[in-house]
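Data first, discussion second: the structure below is written as structure tokens.
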Amino acid sequence: MTIPIIKVQQVDKIFSTEDMLTHALQGISLEIKHGEYISISGPSGCGKSTLLSIIGLLDFATTGKLYFEGTDASQLSLEQAAAIRNKKIGFIFQQFNLIDELTVYDNIALPLRYATQPVSDQKIKQKVDYCLDVVGMTARAKHNPMQLSGGQQQRVAIARALVAEPSILLVDEPTGNLDSKNSDQIMATLEALNNQGTTLCVVTHDIRYAEMAKRKIYLLDGQILGQTHFDQQSVFS
Ligand SMILES: Nc1ncnc2c1ncn2[C@@H]1O[C@H](COP(=O)(O)OP(=O)(O)O)[C@@H](O)[C@H]1O
Ligand SMILES: [Mg+2]
Numbered sequence: 170m171t172i173p174i175i176k177v178q179q180v181d182k183i184f185s186t187e188d189m190l191t192h193a194l195q196g197i198s199l200e201i202k203h204g205e206y207i208s209i210s211g212p213s214g215c216g217k218s219t220l221l222s223i224i225g226l227l228d229f230a231t232t233g234k235l236y237f238e239g240t241d242a243s244q245l246s247l248e249q250a251a252a253i254r255n256k257k258i259g260f261i262f263q264q265f266n267l268i269d270e271l272t273v274y275d276n277i278a279l280p281l282r283y284a285t286q287p288v289s290d291q292k293i294k295q296k297v298d299y300c301l302d303v304v305g306m307t308a309r310a311k312h313n314p315m316q317l318s319g320g321q322q323q324r325v326a327i328a329r330a331l332v333a334e335p336s337i338l339l340v341d342e343p344t345g346n347l348d349s350k351n352s353d354q355i356m357a358t359l360e361a362l363n364n365q366g367t368t369l370c371v372v373t374h375d376i377r378y379a380e381m382a383k384r385k386i387y388l389l390d391g392q393i394l395g396q397t398h399f400d401q402q403s404v405f406s
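Our numbering runs 169 ahead of the 1-based position in the sequence shown.
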């Protein structure tokens, strides 16, 4: 049996601020296996981003366990967690987070230039060119992000997330800053990546896009309300 990329076991997350406690996640358990395309949806404030941050080792659970490829996240130092994030996880957010002073090419190359194991310029070129092609941005390699539309910038962000060949792409509201035409194109690109084998976990409040995933998880008030697989009719049936 292969080890799942992600195993979340009875995770709770409590945020404590000066005057209140927020129980953002309660008793969350789920697994994500290689090649899966899962969506996590639900209304604003239900805990989607918090869950994705824990899955992506950007934050830690208050109680419960998170295993990344079999490694218990609670046993990792901050440096070890950062090393796994850089090597194994590709992040895509609503804000494209591109560096305006760098070309599209150099933005995509960035994760390789900061890799723990040095990557040769020739290898970087090969990988960046491949990712530019995957997202259809080869003709824009020398442009700066500001010269691109929002949809094109998100394509570059996808290429940057892919370049280090991560085990999983974690995607949080990828279309939040895009019009509907660009949003549809970005979601089609993500779907095509999954069809070629990329493991995807997409957080969205947009039910139309959540429905594109092969497995859907619905959150409400920090709890899993239900799940559907692509061949099932409804979570409630
Ligand atoms: N850093 C934080 N400090 C305090 N409360 C937070 C923090 N991050 C999120 N929350 C709270 O946790 C709940 C879930 O937030 P979030 O995961 O961002 O929801 P979603 O992504 O589904 O909109 C909300 O009530 C939110 O206000
Ligand atoms: Mg969110």
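We treat Cβ as the ideally placed atom computed from N, Cα and C, and that holds for glycine.
Starting from residue i, follow the beta strand (DSSP E) in both directions and report where the run begins and ends.
| i | result |
| --- | --- |
| M189 | 189-201 |
| V371 | 369-373 |
| S243 | Taken as a continuous stretch (DSSP letters only), S243 belongs to no beta strand (DSSP E), as it is neither H nor E. |
| Q396 | 392-398 |
| G233 | 232-237 |
| I386 | 384-389 |
With residue i and residue j assumed to form a contact (beta carbons below 8 Å), what rounded beta-carbon distance in angstroms separates them?
| i | j | result |
| --- | --- | --- |
| R384 | Q392 | That pair is no contact at about 17 Å. |
| T344 | Y378 | 7 Å |
| A333 | K234 | Wrong, their Cβ atoms sit about 26 Å apart, outside the cutoff. |
| P314 | V325 | 7 Å |
| I209 | P173 | Incorrect: roughly 16 Å between the Cβ atoms, too far for contact. |
| I224 | V177 | 7 Å |
| T358 | I327 | 6 Å |
Rounded to the nearest angstrom, what separates residue i and residue j at their Cα positions?
| i | j | result |
| --- | --- | --- |
| Q263 | D341 | 6 Å |
| Q316 | L331 | 22 Å |
| E238 | Q323 | 27 Å |
| C251 | L245 | For the sequence presented, residue 251 should be read as Ala rather than Cys. One C-alpha to the other measures close to 9 Å. |
| E205 | C370 | 8 Å |
| T307 | R254 | 26 Å |
| Q179 | G196 | 4 Å |
| A193 | L226 | 16 Å |
| S352 | G320 | 7 Å |
| A382 | I207 | 5 Å |
| S403 | E380 | Its pLDDT being 49, under 50, S403 is placed unreliably by the model, and nothing is read from it. |
| C215 | R282 | 36 Å |
| I175 | N266 | 25 Å |
| Q221 | N346 | According to the sequence displayed, residue 221 carries Leu and not Gln. For L221 and N346, the distance between alpha carbons rounds to 19 Å. |
| H398 | D302 | 31 Å |
| S185 | T231 | 11 Å |
| Q291 | D375 | 40 Å |
| I258 | V372 | 15 Å |
| N274 | M189 | Before going further, note that residue 274 is Tyr rather than Asn in the sequence given. One C-alpha to the other measures close to 45 Å. |
| T240 | L362 | 26 Å |
| L388 | K217 | 7 Å |
| T285 | T191 | 37 Å |
Would you give the residue range spanned by the alpha helix (DSSP H) that residue i belongs to?
| i | result |
| --- | --- |
| V297 | 290-303 |
| R282 | 273-282 |
| N351 | 349-364 |
| S218 | 217-224 |
| A328 | 319-331 |
| I268 | Careful: I268 lies outside any alpha helix (DSSP H) and carries neither H nor E. |
Name the DSSP bridge partner or partners of residue i?
| i | result |
| --- | --- |
| G259 | L338 |
| I174 | DSSP lists no partner for I174. |
| Y206 | L369 |
| K147 | Lying outside 170 to 406, the shown extent of the chain, residue 147 is not represented and no answer is given. |
Between the Cα of residue i and the Cα atoms of the options, which residue gives the shortest distance?
| i | options | result |
| --- | --- | --- |
| T272 | M381, S336, T240, H312 | H312 |
| L394 | G319, P212, E270, D228 | P212 |
| S318 | D348, I209, V297 | D348 |
| D390 | I172, K182, P173 | K182 |
| T367 | D290, E270, F260 | F260 |
| R309 | N276, V288, S289 | N276 |
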